[in-house]
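Below: one structure, written as structure tokens.
Protein chains: 2
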Amino acid sequence: MPSARPPDLPPEPSWSGWGDPAEASELSDGLSQLLTQALGIRRPGRRVGPLSALAPPPSRIPATVRAALESLLGAAHVLDDDEARIRHLRGKSTPDLLRLRAGDLADAPDLVLLPASHDEVLDTLRICSRELVAVVPFGGGTSVVGGLEPRSDDFTGQIALDLRRLNRLQALDEVSRVAVLEPGLRGPEAEALLGEHGFITGHYPQSFEYATIGGYAATRSSGQSSVGYGRFDEHVVGLRVATPTGELALGRAPKSAAGPDLRQLILGSEGALGVITAVSLEVRPAPAVSAYEGWRFESFAAGAAVVRRLAQDGPRPTVLRLSDEAETALNLARPAEIGAPGASCGCLAIVGFEGTAEDVAGRRREVTRVLEAAASGPEPEAGESWVRDRYHGPYLRDALLDAGALVETLETVTFWSSLPELYAAVSGALRDSLSAQGTPPVILCHISHVYPSGASLYFTVGCAALEDPLVQWRQAKAAASDAILAAGGSITHHHGVGRDHRDWYERELGRTAVRALRAVKAELDPQGILNPGILIP
Amino acid sequence: MPSARPPDLPPEPSWSGWGDPAEASELSDGLSQLLTQALGIRRPGRRVGPLSALAPPPSRIPATVRAALESLLGAAHVLDDDEARIRHLRGKSTPDLLRLRAGDLADAPDLVLLPASHDEVLDTLRICSRELVAVVPFGGGTSVVGGLEPRSDDFTGQIALDLRRLNRLQALDEVSRVAVLEPGLRGPEAEALLGEHGFITGHYPQSFEYATIGGYAATRSSGQSSVGYGRFDEHVVGLRVATPTGELALGRAPKSAAGPDLRQLILGSEGALGVITAVSLEVRPAPAVSAYEGWRFESFAAGAAVVRRLAQDGPRPTVLRLSDEAETALNLARPAEIGAPGASCGCLAIVGFEGTAEDVAGRRREVTRVLEAAASGPEPEAGESWVRDRYHGPYLRDALLDAGALVETLETVTFWSSLPELYAAVSGALRDSLSAQGTPPVILCHISHVYPSGASLYFTVGCAALEDPLVQWRQAKAAASDAILAAGGSITHHHGVGRDHRDWYERELGRTAVRALRAVKAELDPQGILNPGILIP
Numbered sequence: 082m083p084s085a086r087p088p089d090l091p092p093e094p095s096w097s098g099w100g101d102p103a104e105a106s107e108l109s110d111g112l113s114q115l116l117t118q119a120l121g122i123r124r125p126g127r128r129v130g131p132l133s134a135l136a137p138p139p140s141r142i143p144a145t146v147r148a149a150l151e152s153l154l155g156a157a158h159v160l161d162d163d164e165a166r167i168r169h170l171r172g173k174s175t176p177d178l179l180r181l182r183a184g185d186l187a188d189a190p191d192l193v194l195l196p197a198s199h200d201e202v203l204d205t206l207r208i209c210s211r212e213l214v215a216v217v218p219f220g221g222g223t224s225v226v227g228g229l230e231p232r233s234d235d236f237t238g239q240i241a242l243d244l245r246r247l248n249r250l251q252a253l254d255e256v257s258r259v260a261v262l263e264p265g266l267r268g269p270e271a272e273a274l275l276g277e278h279g280f281i282t283g284h285y286p287q288s289f290e291y292a293t294i295g296g297y298a299a300t301r302s303s304g305q306s307s308v309g310y311g312r313f314d315e316h317v318v319g320l321r322v323a324t325p326t327g328e329l330a331l332g333r334a335p336k337s338a339a340g341p342d343l344r345q346l347i348l349g350s351e352g353a354l355g356v357i358t359a360v361s362l363e364v365r366p367a368p369a370v371s372a373y374e375g376w377r378f379e380s381f382a383a384g385a386a387v388v389r390r391l392a393q394d395g396p397r398p399t400v401l402r403l404s405d406e407a408e409t410a411l412n413l414a415r416p417a418e419i420g421a422p423g424a425s426c427g428c429l430a431i432v433g434f435e436g437t438a439e440d441v442a443g444r445r446r447e448v449t450r451v452l453e454a455a456a457s458g459p460e461p462e463a464g465e466s467w468v469r470d471r472y473h474g475p476y477l478r479d480a481l482l483d484a485g486a487l488v489e490t491l492e493t494v495t496f497w498s499s500l501p502e503l504y505a506a507v508s509g510a511l512r513d514s515l516s517a518q519g520t521p522p523v524i525l526c527h528i529s530h531v532y533p534s535g536a537s538l539y540f541t542v543g544c545a546a547l548e549d550p551l552v553q554w555r556q557a558k559a560a561a562s563d564a565i566l567a568a569g570g571s572i573t574h575h576h577g578v579g580r581d582h583r584d585w586y587e588r589e590l591g592r593t594a595v596r597a598l599r600a601v602k603a604e605l606d607p608q609g610i611l612n613p614g615i616l617i618p
Numbered sequence: 082m083p084s085a086r087p088p089d090l091p092p093e094p095s096w097s098g099w100g101d102p103a104e105a106s107e108l109s110d111g112l113s114q115l116l117t118q119a120l121g122i123r124r125p126g127r128r129v130g131p132l133s134a135l136a137p138p139p140s141r142i143p144a145t146v147r148a149a150l151e152s153l154l155g156a157a158h159v160l161d162d163d164e165a166r167i168r169h170l171r172g173k174s175t176p177d178l179l180r181l182r183a184g185d186l187a188d189a190p191d192l193v194l195l196p197a198s199h200d201e202v203l204d205t206l207r208i209c210s211r212e213l214v215a216v217v218p219f220g221g222g223t224s225v226v227g228g229l230e231p232r233s234d235d236f237t238g239q240i241a242l243d244l245r246r247l248n249r250l251q252a253l254d255e256v257s258r259v260a261v262l263e264p265g266l267r268g269p270e271a272e273a274l275l276g277e278h279g280f281i282t283g284h285y286p287q288s289f290e291y292a293t294i295g296g297y298a299a300t301r302s303s304g305q306s307s308v309g310y311g312r313f314d315e316h317v318v319g320l321r322v323a324t325p326t327g328e329l330a331l332g333r334a335p336k337s338a339a340g341p342d343l344r345q346l347i348l349g350s351e352g353a354l355g356v357i358t359a360v361s362l363e364v365r366p367a368p369a370v371s372a373y374e375g376w377r378f379e380s381f382a383a384g385a386a387v388v389r390r391l392a393q394d395g396p397r398p399t400v401l402r403l404s405d406e407a408e409t410a411l412n413l414a415r416p417a418e419i420g421a422p423g424a425s426c427g428c429l430a431i432v433g434f435e436g437t438a439e440d441v442a443g444r445r446r447e448v449t450r451v452l453e454a455a456a457s458g459p460e461p462e463a464g465e466s467w468v469r470d471r472y473h474g475p476y477l478r479d480a481l482l483d484a485g486a487l488v489e490t491l492e493t494v495t496f497w498s499s500l501p502e503l504y505a506a507v508s509g510a511l512r513d514s515l516s517a518q519g520t521p522p523v524i525l526c527h528i529s530h531v532y533p534s535g536a537s538l539y540f541t542v543g544c545a546a547l548e549d550p551l552v553q554w555r556q557a558k559a560a561a562s563d564a565i566l567a568a569g570g571s572i573t574h575h576h577g578v579g580r581d582h583r584d585w586y587e588r589e590l591g592r593t594a595v596r597a598l599r600a601v602k603a604e605l606d607p608q609g610i611l612n613p614g615i616l617i618p
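As you go down the protein sequences, you meet chains A and B in turn. Here the first sequence is numbered in our numbering, starting from 82 and rising by one per residue. Here the second sequence is numbered in our numbering, starting from 82 and rising by one per residue.
Structure follows, in structure tokens:
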């Protein structure tokens with residue numbers, strides 16, 4: 082089985098921004114104008130650096146613990162240089178980036194470990210549990226919910242467990258179409274390894290270039306093609322997991338009636354119950370044909386009704402997204418043209434098809450018949466533009482933060498009948514909170530993932546940054562989160578809980594469910610070393 | 082919302098056999114001949130009775146506990162008459178029936194309770210937890226894995242919590258296509274209530290006439306239309322659960338990334354973690370058109386290859402089943418004709434389509450193209466016969482037991498690449514064990530549920546009954562269960578764990594997972610009153 086790291090892997094990401102530094106975005110004239118005129122931006126954003134000029138607090142790990150870890154992993158795989166520690170500090174939420182940009186390096190991990198196997202992970206956890214060292218499993222570092230921001234004050238130290246050396250395709254069962262993938266494989270690496278055999282994962286979240294297989298599983302990730310290919314968790318048929326008290330090997334079949342589905346206890350556990358060391362994943366043949374196009378509805382409500390009809394009665398496209406009026410007007414579906422003159426009107430849907438030529442032709446014909454009755458289109462250029470720039474959005478945030486904007490996203494999900502109320506409630510809460518702070522926002526939204534019984538809403542918020550944008554955003558985010566729960570939504574559809582959503586997650590679960598979850602945590606991780614403060618209320 | 086019990090509900094089932102006594106099967110001449118000639122049956126089966134002549138051991142419940150329960154539920158809903166206690170004793174496995182037929186009434190519940198609401202269930206559990214009374218949640222009583230056979234020796238008594246009065250359609254959200262159904266609704270009741278609004282569950286297990294919504298959820302039931310409509314658990318979007326220490330209300334959306342999916346901890350929990358008091362279920366429009374037909378393959382392997390191709394690449398029929406050579410030869414797909422002269426050859430597949438006229442026509446055309454290349458057909462009569470008799474199989478078992486046969490079924494699931502080995506291993510283990518006991522068996526098998534990465538195998542075994550058929554079967558079943566685990570299968574695809582599979586379930590899970598499950602049990606049910614001895618290793 083091939084295990085080499087493919088050569089086209091994106092480079093190390095920016096330490097205080099998104100992705101490949103060479104891909105950094107420039108703001109278009111239209112967007113610059115929007116920032117100053119519509120949002121009233123006054124001062125540029127702060128950004129310390131370079132990385133080499135910064136130093137985190139001294140490492141706290143006792144020498145004996147370090148020696149034990151070096152003996153286990155080899156000294157070359159136990160890092161405490163400043164750069165390694167800073168690069169494993171926090172994720173990629175706007176608050177994460179704002180703190181890094183301000184030079185706040187508190188809570189940097191004391192050590193970065195690079196284990197290469199399940200057994201090394203298992204032994205690392207045993208040592209850390211015995212020595213009361215907090216462990217943060219680290220994949221792509223792309224969390225946007227504080228999933229890499231543990232509370233480690235009560236511990237001897239904090240370790241980032243970087244899984245990048247667990248990067249093999251362990252096995253591929255072509256008959257069953259199941260691949261056993263290691264957790265440290267980034268999206269492009271996994272696709273390259275599978276591609277040699279003609280398969281794909283079908284999983285393409287916006288964080289694709291950096292996010293990892295382990296992270297997809299640990300956070301219940303959903304990709305942009307979830308309508309056609311399904312969510313990541315739906316295709317996980319087996320998991321191997323290392324915990325401080327032993328290992329789990331779950332999944333002897335796609336489905337079973339042998340008790341509760343314990344795979345579903347690990348999926349979404351965000352490193353707080355164990356470290357995923359292998360994922361058995363249903364894969365699918367690489368599509369022969371793909372086609373993307375735009376369709377334009379008169380209103381968000383009209384578009385949502387048709388999107389719902391397709392989700393419920395089919396046929397389902399592979400990709401199906403619907404922007405609201407504000408997002409369509411800003412051309413957010415085409416990041417390279419955001420704010421460009423001649424902004425779009427109505428509500429743009431992106432509809433994509435992937436599969437065999439016959440399958441694509443058949444579904445496209447049926448979907449087109451449904452769309453033609455309610456929308457104008459197709460607009461091939463809108464589809465092609467979306468595909469080309471689908472991973473580009475986060476790069477733009479760095480340029481906006483540089484310019485003095487506060488930009489962040491949040492998302493939620495509910496049943497179809499509650500969607501209009503949820504949309505209004507979240508938009509209203511964000512607008513009220515930020516306007517009351519003197520920074521009236523632009524709020525954009527799209528439906529990004531649809532199911533027969535419900536759909537997700539993905540909001541993008543932009544406004545002028547205040548002197549302390551962290552406090553500014555914390556207020557707005559809390560208001561939005563309260564509104565989500567009050568309107569019956571879930572606190573997150575695909576970003577996860579992390580530290581940022583934990584209090585709302587606790588309210589969403591209720592006391593009895595929280596107790597059940599804590600009981601599992603206490604059993605698998607009795608010292609509570611795994612991602613302390615993350616997920617578990 | 083309508084809540085009346087529809088008039089066409091099947092009558093109370095036979096106390097020591099399957100289903101409506103008026104539907105009891107006669108053995109055909111061909112089958113009688115087979116029994117004596119091929120299986121060497123010597124003596125008829127034993128069957129004590131009538132019910133009115135039998136008495137279980139005296140009820141153990143202290144008067145004070147009974148008074149507390151009567152005060153809570155009303156005296157009319159606290160039963161301890163002999164008939165009620167016998168009718169709530171055990172399920173419908175062959176060992177269950179053999180023990181009832183022999184007049185073994187040990188372990189009959191001491192009381193039968195009929196709560197009518199979530200709150201009544203919650204309060205009942207609190208009383209029973211305080212008084213150390215074991216509680217067995219009781220739906221349709223159709224368990225075939227000892228799911229209603231608790232170990233209650235360490236308790237003050239044992240109560241059957243019959244949920245038949247929780248039989249309302251609480252709500253129907255026609256926009257989201259989500260129904261809130263109470264757990265005591267039997268299959269036909271639920272369909273009738275949804276049918277008034279044009280919806281169906283799409284869930285039709287062989288136990289459909291008696292099994293309940295709560296049972297479907299608690300055992301991760303799969304219906305005969307699972308290929309097209311999915312498994313029951315896949316459509317559960319919300320659960321309300323009463324536990325001895327509080328209530329759970331899970332599910333704010335079809336899918337979410339808010340932590341582990343705790344609905345999946347209750348689905349399959351078999352009454353050992355809590356009592357399900359409401360199920361929010363995705364429903365679908367009643368199909369306008371249905372069509373069933375038979376197709377005949379030269380061999381099981383050839384048929385399995387095509388069934389796999391349809392499961393992986395589509396289009397998927399609504400029903401897709403494939404009998405092996407032995408099952409096809411015995412006409413098991415047509416229970417009314419089992420063993421009739423002119424037995425079939427090859428391997429018969431039943432292929433069914435339900436949906437709109439256009440959808441059925443489209444899928445059928447594509448599926449036919451795939452089938453024509455590898456099978457002969459269609460045989461409309463085989464499909465119609467299967468639909469007509471689809472719930473009839475279990476009735477025949479009673480007649481076979483009467484005649485002195487030992488007949489039972491078991492099932493498993495694995496990935497496609499392991500299916501041939503699993504098939505051979507289980508068949509071989511059953512044949513070896515029963516032949517060594519002097520009763521060489523007939524072994525029949527079909528693929529009943531298919532997924533992109535795997536499929537289930539459903540075995541039917543028949544042989545001459547020995548003097549003690551319970552011991553005879555226990556040996557054969559243990560050999561089959563060992564073979565399932567050794568070949569990499571799951572101990573059950575859709576029957577559940579109960580008491581019969583518990584030891585193998587423990588081996589399948591592994592020690593760390595067992596500890597996690599026990600921790601949840603200890604937290605939600607600290608006195609262990611819920612279905613003691615069931616599921617949890």
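Backbone N, C-alpha and C define an ideal beta-carbon position, used for all residues, glycine too.
Original post:
Quick one: is Tyr-539/A near chain B, going by C-beta distance under 9 Å?
Top reply: If you number the first sequence from 1, residue 539/A lands on position 458. Taking 9 Å as the CB threshold, Tyr-539/A stays off the interface with chain B.
**OP:** Decide if Cys-426/B is buried, meaning its Cβ has at least 16 other Cβ atoms within 10 Å, or exposed.
**Re:** Residue numbering aside, residue 426/B sits at position 345 when the second sequence is read from its first letter. Residue environment analysis places Cys-426/B among the exposed positions, since fewer than 16 neighbouring C-beta atoms fall within 10 angstroms of its C-beta.
**OP:** Pick out whichever of Leu-477/B, Ala-564/B, Leu-511/B, Leu-547/B has its Cα sitting closest to the Cα of Ala-103/B.
**Re:** As a first step, residue 103/B is located in the second sequence; it is residue number 22 there, counting from the start. When only C-alpha atoms are compared, the closest one is Leu-477/B.
**OP:** May I ask you to verify whether the stretch 301-310 of chain B touches the stretch 398-409 of chain B, counting CB pairs closer than 8 Å and requiring at least 3?
**Re:** Judged by Cβ distances under 8 Å, the stretch 301-310 of chain B makes contact with the stretch 398-409 of chain B, as three or more pairs qualify.
Original post:
For the alpha helix (DSSP H) that contains His-199/A, what are its first and last residues?
Top reply: Within the first sequence, the letter at position 118 stands for residue 199/A. Bounds of the alpha helix (DSSP H) holding His-199/A are 199-212.
Original post:
Would you say Asp-101/B reaches chain A, if we count a Cβ-Cβ gap shorter than 9 Å as a contact?
Top reply: Along the second sequence, read from residue 1 onward, the residue named residue 101/B stands at position 20. Judged by the 9 Å Cβ criterion, Asp-101/B is not in contact with chain A.
Original post:
Along the chain, where does the beta strand (DSSP E) that runs through Ala-359/A open and close?
Top reply: The residue you call residue 359/A lines up with position 278 of the first sequence. Start and end: 356-363.
Subject >> Coarse secondary structure for Asp-110/A, derived from DSSP in three states >> reply: Counted from its first residue, the first sequence places residue 110/A at position 29. Secondary structure at Asp-110/A: helix, using DSSP grouped into helix, strand and coil.
Original post:
Leaving out five residues before and five after Asp-440/A in sequence, what residues of the same chain have Cβ atoms less than 7 Å from its Cβ?
Top reply: As a position in the first sequence, residue 440/A is number 359, starting the count at 1. Within the same chain, Asp-440/A has no close Cβ partners at all.
Original post:
To the nearest whole angstrom, what separates the beta carbons of Gly-54/B and Leu-503/B, a pair I think is in contact under 8 Å?
Top reply: In this structure chain B extends from 82 to 618, so residue 54/B is not present and cannot be described.
Subject >> the stretch 553-579 of chain A: positions lying closer than 8 Å to chain B by Cβ >> reply: Look at the stretch 553-579 of chain A: the residues with a C-beta under 8 Å from a C-beta of chain B are Gly-569, Gly-570, Ser-571, Ile-572, Thr-573, His-574, His-575, His-576, Gly-577, Val-578.
Subject >> For Pro-176/B, three-class secondary structure by DSSP >> reply: As a working mapping, residue 176/B is identified with position 95 in the second sequence. Reduced to three states, the DSSP call for Pro-176/B is helix.
Original post:
Could you give the residue range of the beta strand (DSSP E) that holds Gly-433/B?
Top reply: Indexing the second sequence from 1 puts residue 433/B at position 352. Gly-433/B -> beta strand (DSSP E) spans 428-436.
**OP:** Quick one: which residues of the stretch 328-341 of chain B get their C-beta closer than 8 Å to a C-beta of chain A? List them in chain order.
**Re:** Of all residues in the stretch 328-341 of chain B, those with a C-beta nearer than 8 Å to a C-beta of chain A are Glu-328, Leu-329, Ala-330, Leu-331, Arg-333, Ala-334, Pro-335, Lys-336, Ser-337, Ala-338, Ala-339, Gly-340, Pro-341, reading in chain order.
**OP:** Select from Gln-251/B, Gly-436/B, Pro-137/B, Leu-112/B the residue whose C-alpha is nearest the C-alpha of Asp-188/B.
**Re:** Your numbering for residue 188/B matches position 107 in the second sequence. Nearest C-alpha to Asp-188/B: Pro-137/B.
Original post:
Any chance the stretch 491-510 of chain A sits against the stretch 530-543 of chain A, with 3 or more Cβ pairs inside 8 Å?
Top reply: Output reads yes: the stretch 530-543 of chain A touches the stretch 491-510 of chain A.
**OP:** Taking a Cβ distance cut-off of 7 Å, strictly less, list which residues of the stretch 432-444 of chain B are near chain A, in chain order.
**Re:** Listed by position along the chain: nothing, the set is empty.
**OP:** Would you identify the three-state DSSP class for Arg-588/A, choosing helix, strand or coil?
**Re:** Here residue 588/A refers to the residue found at position 507 of the first sequence. The answer is helix: DSSP assigns Arg-588/A an H, G or I state.
**OP:** With DSSP collapsed to three states, give me the class of Gln-518/B.
**Re:** Here residue 518/B refers to the residue found at position 437 of the second sequence. Look at Gln-518/B here: in three-state DSSP terms it is coil, with no helix or strand label.
Original post:
Do you know offhand how far Thr-145/B's Cα is from Pro-218/B's?
Top reply: Locating residue 145/B in the second sequence gives position 64, where the first residue counts as 1. Locating residue 218/B in the second sequence gives position 137, where the first residue counts as 1. Straight-line Cα distance between these residues: approximately 22 Å.
Original post:
What first and last residue would you give for the beta strand (DSSP E) that runs through Glu-492/B?
Top reply: Along the second sequence, one-based indexing puts residue 492/B at 411. According to the DSSP assignment, Glu-492/B belongs to the beta strand (DSSP E) that extends over 486-496.
Original post:
Does the Cβ of Val-318/A have 16 or more other Cβ atoms within 10 Å, making it buried, or fewer, making it exposed?
Top reply: The residue you call residue 318/A lines up with position 237 of the first sequence. Answer is buried; the Cβ neighbour count reaches 16.
Subject >> Neighbourhood of Val-387/A by C-beta, 6 Å cutoff - its chain only, sequence neighbours within 5 removed >> reply: Locating residue 387/A in the first sequence gives position 306, counting from the first residue. Correct list, in chain order: Ala-455.
Subject >> CB of Leu-605/A within 9 Å of CB of Leu-354/A, strictly >> reply: Position 524 of the first sequence, counted from the first residue, corresponds to residue 605/A. Position 273 of the first sequence, counted from the first residue, corresponds to residue 354/A. For Leu-605/A and Leu-354/A, yes; Cβs fall inside 9 Å.
Subject >> Collapsed DSSP secondary structure at Ser-371/B in the structure displayed >> reply: Here residue 371/B refers to the residue found at position 290 of the second sequence. Ser-371/B falls in the strand class under three-state DSSP.
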